[in-house]
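No gaps in the numbering here: position 151 of the sequence shown is 197 in our numbering, and each next residue is one more. All C-beta atoms in this analysis are idealised placements derived from N, C-alpha and C, irrespective of residue type, glycine included.
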Amino acid sequence: MKHFKLGITVGIIAICFLTLGIMAPSTASAKITFVTIGTGGVTGVYYPTGGAISKIVNKKSKVYHLKVTVESTGGSVFNVNAIMSGDLDFGIVESSRQYQAWHGQMEWAKKGPQKNLRSICSFHPESVTIVAGDDTGIKTFRDLKGHHVNIGNPGSGQRGEAIELLTQAGIDWKKDIKAEGMKAVESAQMLQDGRIDAFFYTVGHPNGSIKEATAGKRKVHFVPIPDDIIMPLLKKHSYFAKAYIPIKFYPDATNKKDVPTIAVKATFCTSAKEPAWIVYDITKEIFDNLETFKKLHPALNVLTKKNMLTGLTAPIHPGALKYYRESGLIKYIPKSLISK
Ligand code: GLU
């Protein structure tokens with residue numbers, strides 16, 4: 047009897063261990079899902095913005111079983127394409143590039159509309175920033191003609207804006223300038239070393255790259271974009287807005303006043319294929335912790351829940367919509383962005 051009882055006890059203990067053994071993997075099967083956000087160069091604003099998202103979400107990784115990692119990339123166009131191919135889960139993309147990808151324009155003219163692109167929200171404004179050496183004689187936008195200019199790498203957002211602006215100014219970017227296709231992260235040093243005369247960068251302010259470009263030995267300035275180039279573009283494209291580069295951020299630049307230019311917005315994108323729970327958790331953490339999020343980079347300072355719902359073209363992902371419905375923010379979202 048005793049033996050029998052002992053047998054039962056041992057049996058029960060064994061079953062417990064066995065169960066635990068089975069349980070263990072299933073507890074671990076609430077395993078962490080890793081998602082990656084594509085950003086831009088490390089000295090831009092996308093990279094620290096991605097870092098801010100990951101910081102906020104990863105604080106809750108035990109709750110959500112989700113870990114966000116950030117990748118430095120070639121920029122907006124690269125990010126859209128990598129989201130579409132499934133190489134990236136999320137990406138930060140200029141509002142102009144989101145619009146063009148959704149409608150199958152510019153880099154997507156041959157591939158056609160990117161119908162699986164989804165938007166989540168927008169972040170900071172990004173202004174087209176042209177930095178030129180004082181010794182180059184480039185004073186006005188049209189003076190860029192005949193000069194050696196980095197318009198940006200093919201995966202970047204700024205390359206598109208540079209081409210649109212130059213074309214609007216009657217400058218053929220293939221013939222009338224010596225166009226360089228380098229990444230923004232290299233521009234500051236190239237300008238300081240005298241290897242280029244000027245560069246384009248569509249970026250939020252303040253940022254490390256422009257600080258680096260203005261703080262060197264070679265004196266440099268921002269090139270203003272005149273109204274006769276800006277206005278027709280504003281009429282043509284809803285994604286452009288007039289803006290000024292605040293000179294207070296760059297005391298070493300030789301401009302005296304804020305510099306007129308044109309701006310887009312940084313937007314947060316994903317694919318229709320991304321699971322709704324992941325998009326929901328990330329959206330919720332960004333919006334619920336907006337005050338903390340804004341402090342993680344000075345360019346994010348201007349964000350409000352309302353202005354983060356502007357500048358979008360692709361339909362809003364259902365995971366984000368769920369959060370906007372719950373939080374009442376849905377009232378700020380145009381019906382055209384809510385897909386059935
Ligand atoms: N707007 C740039 C691009 O789309 C990136 C700017 C940044 O990294 O902050 O390529």
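- Residue ranges of uninterrupted beta strand (DSSP E) with 3 or more members, entirely inside the segment 268 to 324 and ordered along the chain, are 287 to 291, 305 to 317.
- If you check the CB distance, Thr89 and Leu112 do not come in under 7 Å.
- A contact between stretches requires three or more CB pairs, one per stretch, nearer than 8 Å, and the segment 219 to 236 meets this requirement with the segment 189 to 204.
- Beta bridge pairing from DSSP links Val139 with Thr313.
- Short note on Thr316: C-beta not closer than 6 Å to any heavy atom of the ligand GLU.
- In the structure shown, Ser373 falls within a helical segment according to DSSP collapsed to helix, strand and coil.
- Closest in C-alpha terms to Gln238, from the list Asn253, His251, Lys265, comes Lys265.
- The beta carbon of Thr248 sits closer than 6 Å to at least one heavy atom of the ligand GLU.
- The Cβ atoms of Tyr369 and Thr329 lie closer than 7 Å to each other.
- Per the coordinates, the alpha-carbon of Gln204 lies some 16 Å from the alpha-carbon of Ala178.
- Taking 7 Å as the cut-off, the Cβ atoms of Thr85 and Val116 count as close.
- Fully enclosed alpha helix (DSSP H) runs of no fewer than 4 residues are not present anywhere in the segment 167 to 194.
- Between the beta-carbon of Ile362 and that of Ser165 there is about 6 Å, and that keeps the pair under the 8 Å contact cut.
- In the three-state DSSP reduction, Lys113 falls in the strand class (E or B).
- Apart from the 5 residues on each side of it in sequence, Ala366 sits with its Cβ closer than 6 Å to the Cβ of Ile166, Val325, Thr329 in its chain, given in chain order.
- The beta carbon of Pro321 is closer than 8 Å to those of Gly365 in its chain, skipping five residues each way along the sequence.
- Within the segment 76 to 104, the runs of beta strand (DSSP E) at least 3 residues long that lie entirely inside it are, in chain order, 79 to 84.
- Looking only at Leu346, Thr119, Phe295, the smallest Cα-Cα distance to Val305 is reached by Phe295.
- With a cutoff of 6 Å, Val91 counts as near the ligand GLU, since its C-beta is closer than that to a heavy atom of the ligand.
- Cβ neighbours of Tyr285 within its own chain (closer than 6 Å, five residues either side excluded): Ser141, Ser142, Tyr145, Val310.
- For Leu358, same chain residues with a beta-carbon under 8 Å away, outside a window of 5 residues either side, are Ser141, Gln144, Ser165, Cys167, Ser168, Thr313, Leu383 in chain order.
- In the DSSP assignment, Val249 falls within the unbroken beta strand (DSSP E) covering 244 to 249.
- The three-state reading of DSSP puts Asn199 in coil, since its state is none of H, G, I, E or B.
- At a threshold of 6 Å, Glu140 counts as near the ligand GLU, since its beta carbon sits closer than that to one of the ligand's heavy atoms.
- For Lys105, the closest of Pro270, Thr338, Thr356 by C-alpha to C-alpha distance is Thr338.
- The nearest non-hydrogen atom of the ligand GLU is less than 6 Å from the C-beta of Gly86.
- The closest heavy atom of the ligand GLU lies less than 6 Å from the beta carbon of Ser122.
- Among the bridge pairs identified by DSSP, Glu226 is matched with Asn196.
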